[in-house]
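Residue numbers (the numbering used here), protein chains in the order written: chain A, 1 to 328; chain B, 329 to 982. By construction, the Cβ of each residue, glycine as well, lies at the ideal position given by its N, Cα and C atoms. Predicted, not measured: the structure shown is a model, and the values here were computed from it. Below: one structure, written as structure tokens.
Shown next as structure tokens:
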């Protein structure tokens, strides 16, 4: 019952390559990866394609299918028109190894540069206590299967090799956010680190990463924006700035940790901060982890889904400060 | 050979970067050993990510009556008492510590109300015991271990200025041979030889210890929940270096895998579908499981649909529906229905929740199943039944190891942990016991491998140059050969043989037939040719993997033919009952002069205080008359003295 379909598959290596056309049998219910496997078995035994679980769980088989970044094991042939040519090409942001396989070591390099979880010193194994609602914020980011589609689609590094050194990319921003929101992580410098060493400032929130995420992680809304806003808070809060001028850094760390809550009346010159929204929780008091337990696409925003980002500027507690650098 | 081979010197080489491999590597590195991790795919993609349910550990967070003895007992029952007792004991005792340790690496498990790690119920576990993260526990585990490795590398960077100073991950690298030093005394491990998938270039590791953590063998079957890496590499490497395999006849077939569309054939449909009320019907609309309740389970299972349906709301006054029989029973029943012509065109039966629960309840309770069927099969499980059939899931058999040290008895320097090792699960593994298994024995393998390295001075084992040359020749052969068989064709044929003749239900003549066909395939595997070059060439890689799949398949077929009884993951149509005589032995496979040979070996006996955890009625199903009279003289009296079997004396309970 199979029909012959036209496939264009990029073949080549570091020295270059081109799209090659294949007519290949396609059966009902198949996904793109099945068709690539059939190509291997029947026409091109040496066609290089990376894959593992074939169930959307390992994130190995990321490709660009008709130009859009997808997991090839989760892209059903029925999503194309009956006579549509399917073009399969490797991820464009990473260097080619061969055919559809790219060198994704950039991502592992960046992962290595982000300080790991710092266990609390005063707790022995088995003594960790956390509330479900608190771990769920980080758990959303730990759903990541490291398919690197977000890294591939991010235009800061896509076609911009020169930005790769300074920019870690969405995958590592959610890792930073995950650690920042971890109830027991002993480090408190995750946000400034993201700004200063991961190049989060490059991100201008176009949400492309969120769009391609096969796990439907709200990368932009739930990780990048909160990280950015809090960074802004700390960097430009005049009181914190004054504190930095008056105290030595170590005294500051001891006296007023960056994360500490500052009562509103102390925040001289600020408009009252908008009341923080409670996250949407289900009847069990837990945040739904996937859209399937929830009435809308994607996971819930920890700030409540009635809030859209970016926030309107008039409601923000932000004031343009004189640049600290000018006053040196 | 003209090629210059890249050469590395390590203390410990870990083959496999799944849960067991990473845990072993962490332990070896913490013991100060220079450690290499060989990963067949990218770092963090190992098959461990596929585990859904959780990791079993008797932490007692949800039910305080749980302890290691109850867990041990459940494990032994699940394995039909063929388990290596010492392994089951260590596993039950150490699993909680291994789980808690993960939290210090940054793992975030689901929580109980009082903030502890939440634990869930699972088949065969008396109390809620599985630490979990939704239905993606395996992903959490692999990511946590991966991130711990990274954190160790960061420490090394701080001290040595090099992330890879003491632990390095060799991603997309496949080991094809273990190398031995045969001079003086028994042959011991001297290193490992392999190739980088990316470049096709060879790499040689010189190391006195190798830890095998290479997972299972599922890719020898046509319908499997396993990924492409599961080609039995670890099993085959062990065999070829002189180690032995045990229990290879025992394979777990999960009763419910997807069967349609063909592309997803084998992907798991979780047990909770049936736990939540899903029923199995054949194409005639009959709820057939009522016809398949075995005599031993009659008392616990309902015999009318009415009673079965009442159980969901009132489990205390009704018996369980037969859909919830153990995995092996349900798998066999589905298999018989399909064989009798009452299955769907795709070869499955119908699993229906749509008529049993409101759509909203289904979406709430089975979110990932709803998603999986919607995305992959275009089936709305709130409106239509699912098509399901058995899928090859896990191999209980594996490398024979010493329970405490994970060392192979025959080959000094060779260790094995995780699915590649054998004994721990006996003839059938309980859900949730594999994640805890790989943590417990991964750690032990790392620890004892490090200790073994300490035993050497400067006199480390040496790699024999001629072995390396032979390995190079063997690896290049398929590329240089012209006109040989296409590896993909041979692979599909091997899968067909195993699926049809060494599947769930086995028969003498089919097993004999399978051995004959495997014999034919052996010649073809020795004569494969791969086109193309060495750079990332999947055809070539498959040609090399096939050698391993073939020898491991032969072990399974031979052992299945020899074991004339049915137990756990091994069912013989011609010997349908469990035989206490057969419980007393393991079948041990070894590889001598190119042939798989088989011998029987008595299984280790249970210490009296462990035996006393079981009552006589239960043991009488498993033990021979002789063993029973021994039981009566020893533990039987002790057992009679212990009034509550779930709360025996404390003591070694940590």
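* Which whole-angstrom value is the C-beta distance of residue 760 of chain B and residue 351 of chain B, which I expect to be below 8 Å? -> Actually they do not touch by this definition, with Cβ atoms about 17 Å apart.
* Quick one, which residues of the segment 585-604 of chain B are near chain A if we go by CB-CB under 7 Å, in chain order? -> 588, 589, 590, 591, 595
* Residues of its chain near residue 355 of chain B, where Cβ-Cβ distance is below 6 Å and the 5 sequence neighbours each way are ignored -> 771, 774, 775
* To do: May I ask you to list, following chain order, the residues of the segment 45-60 of chain A that have a beta carbon less than 9 Å from some beta carbon of chain B?
  => 45, 46, 47, 48, 49, 50, 51, 52, 53, 54, 55, 56, 57, 58, 59, 60
* If we count Cβ pairs, one from each stretch, closer than 8 Å, do we get three or more for the segment 752-759 of chain B versus the segment 490-497 of chain B? -> no
* My guess is that residue 676 of chain B and residue 717 of chain B are in contact by the Cβ rule of under 8 Å, so how many angstroms apart are they, rounded? -> 4 Å
* Just grab the DSSP bridge partners of residue 16 of chain A for me. => A:13
* Throw me the rounded Cβ distance for the residue 5 of chain A and residue 86 of chain A pair, which I believe falls under 8 Å. => 7 Å
* To do: For the segment 429-447 of chain B, enumerate the residues whose C-beta is nearer than 9 Å to any C-beta of chain A, in chain order.
  => 429, 430, 431, 432, 433, 434, 435, 436, 437, 438, 439, 440, 441, 442, 443, 444, 445, 446
* Less than 8 Å separating the beta-carbons of residue 382 of chain B and residue 448 of chain B? -> yes
* Asked: Looking at the C-beta of residue 370 of chain B, does it have a partner C-beta in chain A at a distance below 8 Å?
  -> yes
* Asked: Taking residue 501 of chain B as the reference, which of B:370, B:552, B:418 has the closest Cα?
  -> B:370
* Asked: Is the shortest distance between the beta-carbon of residue 816 of chain B and the beta-carbons of chain A less than 8 Å?
  -> yes
* Asked: When you compare only the Cα positions, how much space is there between residue 883 of chain B and residue 876 of chain B?
  -> Taken atom to atom, the span from the alpha-carbon of residue 883 of chain B to that of residue 876 of chain B is near 11 Å.
* Can you tell me which of the three DSSP states residue 522 of chain B falls into? => strand
* **Given residue 535 of chain B as reference, the closest of B:926, B:339, B:821 once Cα atoms are compared** => B:339
* Starting from residue 704 of chain B, follow the alpha helix (DSSP H) in both directions and report where the run begins and ends. => Secondary structure note for residue 704 of chain B: its alpha helix (DSSP H) is the uninterrupted segment 695-705.
* With a cut-off of 8 Å on the beta carbons, I'd call residue 597 of chain B and residue 613 of chain B a contact; round off their distance for me. => About 20 Å; that fails the 8 Å criterion.
* Ranges of the beta strand (DSSP E) found wholly within the segment 5-92 of chain A, counting only runs of at least 3 -> 16-26, 62-65, 68-71, 86-89
* **Close-in-space but distant-in-sequence residues of the same chain around residue 74 of chain A (CB under 7 Å, 5 per side omitted)** => 31, 56, 214
* Asked: Mind listing which residues of the segment 857-869 of chain B have their C-beta closer than 9 Å to chain A's C-betas, in chain order?
  -> 858, 859, 860, 861, 863, 864, 865, 866, 867, 868
* Asked: Which first and last residues belong to the beta strand (DSSP E) in which residue 336 of chain B is found?
  -> 334-337
* Asked: So with Cβ pairs under 8 Å, would you call residue 130 of chain A a contact of chain B?
  -> yes
* Check whether the Cβ atoms of residue 885 of chain B and residue 830 of chain B lie closer than 8 Å to each other. => yes
* If we count the other Cβ atoms within 10 Å of its Cβ and call it buried at 16 or more, is residue 517 of chain B buried or exposed? -> buried
* Beta carbon proximity, residue 151 of chain A to chain B, threshold 8 Å -> With respect to chain B, the C-beta atom of residue 151 of chain A has no partner C-beta closer than 8 Å.
* Closest Cα partner of residue 653 of chain B within the set B:688, B:599, B:699 -> B:599
* **C-beta atoms of residue 936 of chain B and residue 912 of chain B nearer than 8 Å** => no
* **Beta bridge counterpart(s) of residue 917 of chain B as assigned by DSSP** => B:573, B:926
* Closer than 8 Å, CB to CB, is residue 355 of chain A near chain B or not? -> Residue coverage of chain A in this structure runs from 1 to 328, which leaves residue 355 of chain A outside it and unanswerable.
* Would you say residue 15 of chain A reaches chain B, if we count a Cβ-Cβ gap shorter than 8 Å as a contact? -> no
* chain A contact for residue 639 of chain B (CB, 8 Å cutoff) -> no
* Asked: Is any beta-carbon of chain A found at less than 8 Å from that of residue 806 of chain B?
  -> no
* Name, please, each residue of chain B whose Cβ falls closer than 8 Å to the Cβ of residue 101 of chain A. => Simply 526, 864.
* Do residue 407 of chain B and residue 756 of chain B come within 8 Å of each other at the CB atom, strictly closer than that value? -> Taking 8 Å as the cut-off, the Cβ atoms of residue 756 of chain B and residue 407 of chain B count as close.
* **residue 466 of chain B: first and last residue of the uninterrupted alpha helix (DSSP H) it sits in** => Residue 466 of chain B -> alpha helix (DSSP H) spans 465-488.
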